[in-house]
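Numbers in this note's numbering are just positions in the sequence shown, counted from 1, shifted up by 68. Ideal placement from N, C-alpha and C gives every residue a C-beta, glycine not left out. Remember, it's a predicted structure, so these values are computed and weren't measured experimentally. Taking it in order: structure first as structure tokens, then the write-up.
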Amino acid sequence: MRAIVTGQVGLDKKKYLSDVEQVAAKEKAALAMYHVGDRMYAESPDVPQGRILDLPLSRLHSIRRSVFKDIISESQRKKNVVVNTHVTFRWRHGLFRAFDFDQMATFRPQMFICLVDNIHAVHRRLRAEHSLDVSLKDLMVWREEEILATQLLSLALDCANECYVVPRGRHVATHELCYRLVCEPERRKAYLSFPMSHVMDMPEVLQEIDDFRAEFSKHLVVFDPADVDEKLLLDSALQAAKDGADFVEGSYLSPSGVSETIPVSVKQILEIAGDIDGQIYARDFQLIDQSDMIISLVPELAGGVPGLSSGVERELHHAYEHGKEVYVIWKPKRPPSPFITETATKVFRSAAETMEYFEGIGYHGAVGTENAATP
Numbered sequence: 069m070r071a072i073v074t075g076q077v078g079l080d081k082k083k084y085l086s087d088v089e090q091v092a093a094k095e096k097a098a099l100a101m102y103h104v105g106d107r108m109y110a111e112s113p114d115v116p117q118g119r120i121l122d123l124p125l126s127r128l129h130s131i132r133r134s135v136f137k138d139i140i141s142e143s144q145r146k147k148n149v150v151v152n153t154h155v156t157f158r159w160r161h162g163l164f165r166a167f168d169f170d171q172m173a174t175f176r177p178q179m180f181i182c183l184v185d186n187i188h189a190v191h192r193r194l195r196a197e198h199s200l201d202v203s204l205k206d207l208m209v210w211r212e213e214e215i216l217a218t219q220l221l222s223l224a225l226d227c228a229n230e231c232y233v234v235p236r237g238r239h240v241a242t243h244e245l246c247y248r249l250v251c252e253p254e255r256r257k258a259y260l261s262f263p264m265s266h267v268m269d270m271p272e273v274l275q276e277i278d279d280f281r282a283e284f285s286k287h288l289v290v291f292d293p294a295d296v297d298e299k300l301l302l303d304s305a306l307q308a309a310k311d312g313a314d315f316v317e318g319s320y321l322s323p324s325g326v327s328e329t330i331p332v333s334v335k336q337i338l339e340i341a342g343d344i345d346g347q348i349y350a351r352d353f354q355l356i357d358q359s360d361m362i363i364s365l366v367p368e369l370a371g372g373v374p375g376l377s378s379g380v381e382r383e384l385h386h387a388y389e390h391g392k393e394v395y396v397i398w399k400p401k402r403p404p405s406p407f408i409t410e411t412a413t414k415v416f417r418s419a420a421e422t423m424e425y426f427e428g429i430g431y432h433g434a435v436g437t438e439n440a441a442t443p
């Protein structure tokens, strides 16, 4: 597989992809990794670290073309290749492209992966690494531009069906997911659906959800909407504004891989409230569209009430309308409504029962659609 990995500055993609390399080494899978940024600095030793984007665009494009020419040549006979780059930059020059179409076409990518992360974490890394004054709003816009440009490039190069948005990970980086996409493309891809915001004060339900997520992550390529949790940050900011606080704490996966908390400006969060809601809506549907199936956990809440949020219902309906396999794990004692049973491929009572079924039809482990029985 020949993959291009994109994403805005501030994602720490190099560290993330080095973890992907470690997974490949553990699995004894061949994987060649090329970092365009590192090679550009190596080719221009007069440029201080962190300042290459400040160069005149003509020189920047010339350095990039030289580097990408070498990558094309070196990667020709490699089995699995990942190129770490960008497709757009929103910098002092304004918005500009970070690729040349003719070279991309010559490289012949088979897959695009656009990495995303919580916007406050991106902001923290970017401010630490560069002397650029940017707001959370600036970064929200840049993230949308990077995703759209990646999708358009994949469409132009005839691999739009292998274009993925991949969250970097809220607490644990999703490097194994990325490894599986590139080196085990035959694995089934699943979007996990479960209630989020209205169960945050229910520890037993949260543990059940965490167990559900962990179980399916062992065997499938799993896209998890909770890997970007900006909605929780917004909820905290709204409460903080009522209390007169200027900052709230946000989760942040540090370069060392440790989950930390950082202060985030309440004012800046409130300025992007509409962007957060809009991007969650669009991104979660994108994660469903790039999956083979949706697996939804409906826990039982106090009083036997089904933990079925409006978001989960909408996700199930979207998956059904777009021809995805729809699997529901229904935990409440009361039976599900026809709106569940009539749109679900199959309804189960537990994750274990679901996995047993998947094993029976060939969905357990690295088995692709072409080798699996029809459910």
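Check	Outcome
Is any heavy atom of the ligand GDP found at a distance shorter than 8 Å from the C-beta of T174?	No copy of the ligand GDP appears in this structure; indeed no ligand is present at all.
Considering L183, what are the terminal residues of the alpha helix (DSSP H) in which it resides?	Looking at the DSSP string, L183 is not in any alpha helix (DSSP H); the run it does join, the beta strand (DSSP E), is M179 to V184.
With the cut-off set at 9 Å, would you say A217 and F169 are in Cβ contact?	no
I need the straight-line Cα distance from G436 to V289, nearest angstrom please.	With a pLDDT of 43 at G436, under the threshold of 50, the predicted position of this residue should be treated as unreliable, and no value is reported.
Classify I340 as helix, strand or coil using the three-state DSSP reduction.	coil
Based on Cα-Cα distance, which residue from H161, Q354, G428 and V366 lies nearest to D278?	V366
Is Q76 buried or exposed, if buried means 16 or more other CB atoms sit within 10 Å of its CB?	buried
Pull the bridge partners of T156 from the DSSP assignment, please.	R165
Using C-beta distances below 8 Å, list every residue in its chain close to K82, excluding the 5 sequence neighbours before and after it, in chain order.	H103, G105, D106 and N152
Where does R192 sit, in a helix, a strand or coil, going by DSSP?	helix
Counting Cβ pairs, one atom from each stretch, are 3 or more of them under 8 Å apart for the segment 359–374 and the segment 394–401?	yes
Is there at least one Cβ from chain C nearer than 9 Å to H191's Cβ?	Within the model displayed, chain C is absent; a lone protein chain is all it includes.
What residues in its chain sit with their C-beta under 7 Å from that of A192, if we drop five residues either side in the sequence?	Inspection of the sequence shows that residue 192 is occupied by Arg rather than by Ala. Y320 and I330, listed in sequence order.
Suppose you measure from the CA of R70 to the CA of V415; what does that come to, to the nearest Å?	37 Å
Per the DSSP calculation, K414 is bridged to which residue(s)?	Y395
List the residues that DSSP assigns as beta-bridge partners of E328.	Y320
Hey, out of D360, L376 and V332, whose CA is closest to T413's CA?	D360
Looking at the structure shown, is P235 part of a helix, part of a strand, or coil, going by DSSP?	strand
Could you check the C-alpha separation between S418 and R255 for me, to the nearest Å?	22 Å
Rounded to a whole number of angstroms, what is the C-alpha to C-alpha distance between V184 and S322?	15 Å
Figure out for me which residue from A228, M423 and V373 has the closest Cα to the Cα of K286.	M423
Determine which residues share a DSSP beta bridge with M101 and list them.	V150
Could you tell me the alpha carbon to alpha carbon distance between S101 and P374, rounded to whole angstroms?	One detail in the question is off: residue 101 reads as Met in this sequence, not Ser. In a straight line, the C-alpha of M101 is about 46 Å away from that of P374.
Short of 7 Å in beta carbon distance, which residues of its chain neighbour H266, apart from the five on each side in sequence? Order them along the chain.	S377
Could you check which residue in S134, E276 and A294 has the C-alpha nearest to that of Y109?	S134
So, at 6 Å on beta carbons, what are the nonlocal neighbours of E427 in its own chain, with the 5 sequence-adjacent residues on each side left out?	none
Does DSSP put E368 in a helix, a strand or coil?	strand
Taking the C-alpha atoms as reference points, what is the distance between Y205 and S126?	The amino acid occupying residue 205 in the given sequence is Lys; Tyr does not appear at that position. Cα to Cα, K205 sits roughly 28 Å from S126.
Classify Y84 as helix, strand or coil using the three-state DSSP reduction.	helix
Do H154 and T74 have their beta-carbon atoms positioned less than 9 Å apart in this structure?	yes
How is S261 classed by DSSP in three states: helix, strand or coil?	strand
Hey, how far is the Cα of R195 from the Cα of E389?	42 Å
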